[in-house]
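See structure below.
Chains as they are written, first to last, in our numbering: chain A, 1 to 134; chain B, 1001 to 1134; chain C, 2001 to 2134; chain D, 3001 to 3134; chain E, 4001 to 4134; chain F, 5001 to 5134.
Here it is, written out as structure tokens:
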């Protein structure tokens, strides 16, 4: 296995297609990138497909400029019978020092689904929790 | 003036470019569309530019299929000195009856900004509230 | 029912992805947005799916700058046995005053289709006309 | 010089991102591709930048399926002092025989502009016409 | 038949959506456009569908600015039993003189496939070669 | 510092917008994703901006289906005075087991540039090599 279950890192460059008319990352694009991270974090935890059921609070601490490297990290903070909570933290990475400055924080509730996209119960999920979270 | 200040309606068709691999609207795309609605609702209320500071809870009640008409309505529920809360409600519109079924609900906190994208105080905002909300 | 049959309003923000190298809305993007409006106006009138058969004259009165709010309104000016004409009018909305300045005007001929995208006769369409246009 | 002034050929593959929910080329995407062709045809004729002022009648003869090769040809049918008319003809190319079946026809009025996007008079355009059209 | 088998020309305008944060064509977008050209060149030679098996060396001679006309030409340099090599040359076209300056060069190995995307043997390909390359 | 200099990992979900008409990842999109990885790997090594100068051989071992998790890993194999070679390896990750199956391999030559996108000499690059590669 690679790293902790449910913890994935996405890296993205902010290109003109992601920006608003201020030349910074459009809030809606930030949410889309965080959703993709939450999807991949959830999929990694559940080892199966997931869909989004709820987006909890998301904070935008600072504008993200065109050309920035944006690093998104996930971890799973809660796992129930059929749903789980994926926390996503987004940081701008300084090009010269690689220091990370947190600009985005949010949590997303994902639901495990079968191949047709219908919710499914997560027998194996409970074990996964006791194994890796507790 | 047209309608209540801060209340705008967006209509969108769900095209393949908006879908995930289940053939339904990707959650991240839903959030992007809601963000655009919140931006336009905030801009309409403030009569100036806004940026997103916080996304409150967003609920996804049901999957939205390819080809659906998605109707997004906004209203402003709170307005402070420099920020305001825009509620967004997204409905799938039945093609035959035009009945609306609510599938998305969320709220977004927007901040008024000047031409350079920096936050600005909202002297005129307070009046707008007393006029139109209270 | 909400408003007149076939009359829908779309609102869009002009983002960098919509612009040409002059920093204004690309003509082809304007036509794409008007087509989406015509599709939704036609769908609303027919209460079923439609495809575009013909784009009549479209006028571009003025360039539309990055960051503009673009408001597109439709109405149905003609309805035949299986086709109908949807007029689309696009305006830039002044952010401070919400005044609308017309920048785009065009008309689109849409044809009613069944679920497989094949044209279908419109028995109910004739009634719709006598009811709401005449 | 390569070919007749103002005559360019664009070739495109219809990918999922261009389609509507019927799995065929969305009418708005067809107009966008034709606009790009008209822009390039006008630029080639004028030997300078152009913007779209008017879209004349465009006919959609048949749906264009996902995966099709779409060939767009332009020619200039009229050139005035500062504007010109670019005709665009779009054909689906049969993969096995390379035979072309016309599916799109339209004309676009383009205006010559300077580097800032402002209309400019076309002294040299008149000569170009007498040379190459008449 | 139109021109030499396997030789196609694509023309594209560099729009903001194709650029990086330097305001020039993003290298990845250049490769995507060249891939589309290689696909169309291969399809034209094989008279059937193809997929990419290998991208040979691609050289980027100079940055391509926003608003440029980019002309991509293909020719087939090698054809085997089931695969072929498509060379792609990309030039920026000067707007005033239509002179071409080569900025991109690469070659792509394509494999003939059936309708399901599976590789297929190319009996007719050998004949095509003796006919048109040798 | 986090991990080896120049080694970054990108994760992507294959959505409909990335696919061709076979329902698999379009080769050109694969190259675009690999280019983004090479850009980020180069930026991480150089601690400054880079542009692509050359794409070496890229192999496509297998089609990548819609909905796949695609993992792209980079490492720097060569660093000169002003340029460096970034190797990119792309794997499909099995959702159930998280096992990686290599589907894409390529190398990209990147050049260090200043803020205006012009090449710059890399005094500090030589030290970086002796420190971390040798």
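Note that CB positions come from ideal geometry on N, CA and C, so glycine has one too.
Item to complete: Could you have a look at residue 5083 of chain F and say whether DSSP puts it in helix, strand or coil?
Response: strand
Discussion item. Counting only beta-carbon separations shorter than 8 Å, does residue 2069 of chain C have a partner in chain B?
Written reply: yes
Worksheet item: Using a Cβ-Cβ distance under 8 Å, would residue 1134 of chain B count as near chain D?
Response: In this predicted model, residue 1134 of chain B has a pLDDT of only 37, less than 50, meaning its place in the structure is not dependable; the value taken from the coordinates is given anyway. Chain D contact via Cβ: absent.
Fill in: Neighbourhood of residue 2022 of chain C by C-beta distance below 8 Å, restricted to the same chain and skipping five residues each side
2063
Worksheet entry | Classification of residue 1134 of chain B by the beta-carbon crowding that lies within 10 angstroms, buried from 16 upward | Low confidence applies here, because residue 1134 of chain B scores a pLDDT of 37, under 50, leaving its location unreliable and the question unanswered by this model.
Practice prompt. For residue 42 of chain A, go through chain F and note every residue whose CB falls closer than 9 Å to its CB, in chain order.
Written response: Under the 9 Å cutoff, chain F gives no residues; its nearest Cβ is about 11 Å from residue 42 of chain A.
Worksheet item: In whole angstroms, what separates the C-alpha of residue 3061 of chain D from that of residue 2018 of chain C?
Response: 27 Å
Discussion item. Considering only their Cβ atoms, is the gap separating residue 1006 of chain B from residue 1074 of chain B smaller than 8 Å?
Written reply: yes
Fill in: Selection from D:3040, D:3110, D:3098 that minimises the alpha carbon distance to residue 4094 of chain E
D:3040
Item to complete: Using the Cα positions of residue 82 of chain A and residue 120 of chain A, report the straight-line distance between them to the nearest angstrom.
Response: 7 Å
Worksheet item: Going by C-alpha distance, which of A:114, A:110, A:4 is nearest residue 1058 of chain B?
Response: A:110
Worksheet item: Which value, in whole angstroms, describes the spacing of the CA atoms of residue 4035 of chain E and residue 4108 of chain E?
Response: 8 Å
Item to complete: Taking only beta-carbon positions, decide if residue 2001 of chain C is within less than 8 Å of chain B.
Response: Unreliable positioning characterises residue 2001 of chain C in this predicted model, as indicated by a pLDDT of 39, which lies under 50. A coordinate reading is not provided.
Practice prompt. Could you check if residue 3037 of chain D is buried or exposed, using at least 16 other CB atoms within 10 Å of its CB as the buried criterion?
Written response: buried
Worksheet item: Which residue from C:2098, C:2079, C:2106 puts its Cα closest to that of residue 3056 of chain D?
Response: C:2106
Item to complete: Might you give, ordered along the chain, the residues of its own chain that have their beta carbon closer than 7 Å to the beta carbon of residue 2048 of chain C, omitting 5 neighbours on each side?
Response: 2112
Item to complete: Starting from residue 5041 of chain F, trace the alpha helix (DSSP H) both ways and give me its first and last residue.
Response: 5027 to 5046
Practice prompt. Report all residues from its chain with a CB closer than 7 Å to the CB of residue 1097 of chain B; omit the five preceding and five following residues, and keep chain order.
Written response: none
Fill in: Beta bridge counterpart(s) of residue 3050 of chain D as assigned by DSSP
D:3112
Worksheet item: Where does residue 5018 of chain F fall in DSSP's three states?
Response: helix
Item to complete: Just confirm the distance between the C-beta atoms of residue 42 of chain A and residue 86 of chain A, as a whole number of angstroms; I'd bet it's less than 8 Å.
Response: 5 Å
Discussion item. Once DSSP output is grouped into helix, strand and coil, what is the label at residue 4090 of chain E?
Written reply: strand
Item to complete: For chain A, find out if any of its Cβ atoms is closer than 8 Å to the Cβ of residue 5048 of chain F; answer yes or no.
Response: yes
Discussion item. With DSSP as the reference, identify every bridge partner of residue 1069 of chain B, one or two as the case may be.
Written reply: B:1013, B:1093
Discussion item. In the DSSP output, what is residue 5076 of chain F paired with across the bridge?
Written reply: F:5086
Worksheet entry | Contacts of residue 5057 of chain F in chain E (Cβ-Cβ under 8 Å) | 4054, 4055, 4056, 4057
Worksheet item: Any residues in the segment 2021 to 2041 of chain C with a beta carbon nearer than 9 Å to a beta carbon of chain D? Which ones, in chain order?
Response: 2021, 2022, 2023, 2024, 2026, 2027, 2028, 2029, 2030, 2031, 2032, 2033, 2034, 2035, 2036, 2038, 2039
Practice prompt. Using only the heavy atoms of the ligand COA, determine whether one of them is closer than 7 Å to the beta carbon of residue 1108 of chain B.
Written response: The model depicted lacks the ligand COA and carries no ligand whatsoever.
Worksheet item: Listing by chain order, which chain E residues have their CB less than 9 Å from the CB of residue 2017 of chain C?
Response: 4015, 4016, 4017
Worksheet item: When DSSP labels each residue in this structure, what does residue 3056 of chain D get in the three-state scheme?
Response: strand
Discussion item. Since residue 5072 of chain F and residue 5092 of chain F should fall inside the 8 Å C-beta cutoff, what is the C-beta to C-beta distance between them, to a whole number of angstroms?
Written reply: Their Cβ separation, rounded to whole angstroms, is 11 Å, which puts residue 5072 of chain F and residue 5092 of chain F out of contact at 8 Å.
Practice prompt. Can you tell me which of the three DSSP states residue 4106 of chain E falls into?
Written response: strand
Worksheet item: When DSSP builds the beta bridges, which residues end up paired with residue 4101 of chain E?
Response: E:4092
Worksheet item: Helix, strand or coil: which one does DSSP assign to residue 1063 of chain B?
Response: coil
Worksheet item: Helix, strand or coil: which one does DSSP assign to residue 2004 of chain C?
Response: coil
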